[in-house]
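Here's the structure we're looking at; comments come further down.
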């Protein structure tokens, strides 16, 4: 998927992987001391393993871009915990749902955020939308036929989460402060930009084609055109 192919553009690469497919015996050794400490706080072995595999894979992707080993990548963290790499123009973000992780790495953008959701029982619905979505989004959700609402909810949720993660302000930022598209035939877009995200040059994209059956979005803050490349997993790796 290519939005622009200009000489002056922010290049944004999106990749989805199944975490159990990228596990390597030495993954834990690639992590920093604070990452290992965080992994130890996971209650369940499965969740701990997914965290370690996800961080190791992110480090491998970034190390390949920076020309260094995965263990040599050094992160700094913003006030809300968003990681960055000082001294480089690379922007990156990651999200996971169950055993699937989605990574975005950008060069030339000011910020990026990504979110992926695989449908699961108990997540979604009008009640959650009323708690977290903007009134206009709730109204448009309710205007859809009942059988389309679960899909619309997940489209809306991932687009809003991607924007908040790109912003970097963490959970203190209200989801109801801005509106995004959610209708089946409407491309990912910002319908109304509230004060939370004002003053920045946002681009919003649906990248659900990265993983079959997923709902996924990427948000990019860039004053130059954006070129997005999304890698679809090969058959057998889905």
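In the numbering used here, the protein residues as written are -5 to 232. Ideal placement from N, C-alpha and C gives every residue a C-beta, glycine not left out.
Rounded to the nearest angstrom, the Cβ distance from residue 186 to residue 173 is 4 Å, consistent with a contact under 8 Å.
Excluding sequence positions up to five before and after residue 205, its CB lies within less than 6 Å of the CB of 10, 94, all in the same chain and listed in chain order. Counting only runs that start and end inside the segment 175 to 230, the beta strand (DSSP E) elements of at least 3 residues fall at 184 to 186, 196 to 200, 209 to 215, 220 to 225. Under DSSP, residue 96 forms a beta bridge with 10, 89.
The C-alpha of residue 183 is placed about 15 Å away from the C-alpha of residue 169. The C-alpha of residue 5 lies about 27 Å from the C-alpha of residue 25. Around the beta-carbon of residue 199, 16 or more other beta-carbon atoms lie within 10 Å, marking it buried. DSSP places residue 83 in the coil class of the three-state scheme, outside both helix and strand. For residue 78, DSSP records a beta bridge to 70.
Under the DSSP assignment, residue 58 falls in the alpha helix (DSSP H) whose first and last residues are 39 to 60. Boundaries cannot be given for residue 162, as no alpha helix (DSSP H) includes it and DSSP labels it neither H nor E. Residue 146 is a Cβ neighbour of residue 135, given a cutoff of 9 Å.
Taking a cut-off of 8 Å for Cβ pairs, the segment 46 to 66 and the segment 86 to 105 touch, as three or more such pairs fall below it. About 7 Å separates the CB atoms of residue 213 and residue 106; that is less than 8 Å, so the two are in contact.
For residue 132, the enclosing alpha helix (DSSP H) begins and ends at 129 to 136. In terms of Cβ geometry, residue 175 and residue 203 do not form a close pair [threshold 9 Å]. With a cut-off of 8 Å on Cβ pairs, the segment 112 to 122 is not in contact with the segment 32 to 41, counting fewer than three such pairs.
By the C-beta density criterion, residue 166 is exposed, having fewer than 16 other C-beta atoms within 10 angstroms.
With at least 16 other beta carbons inside 10 angstroms of its own, residue 86 counts as buried. With 16 or more other CB atoms across the displayed protein chains lying within 10 angstroms of its CB, residue 152 is buried.
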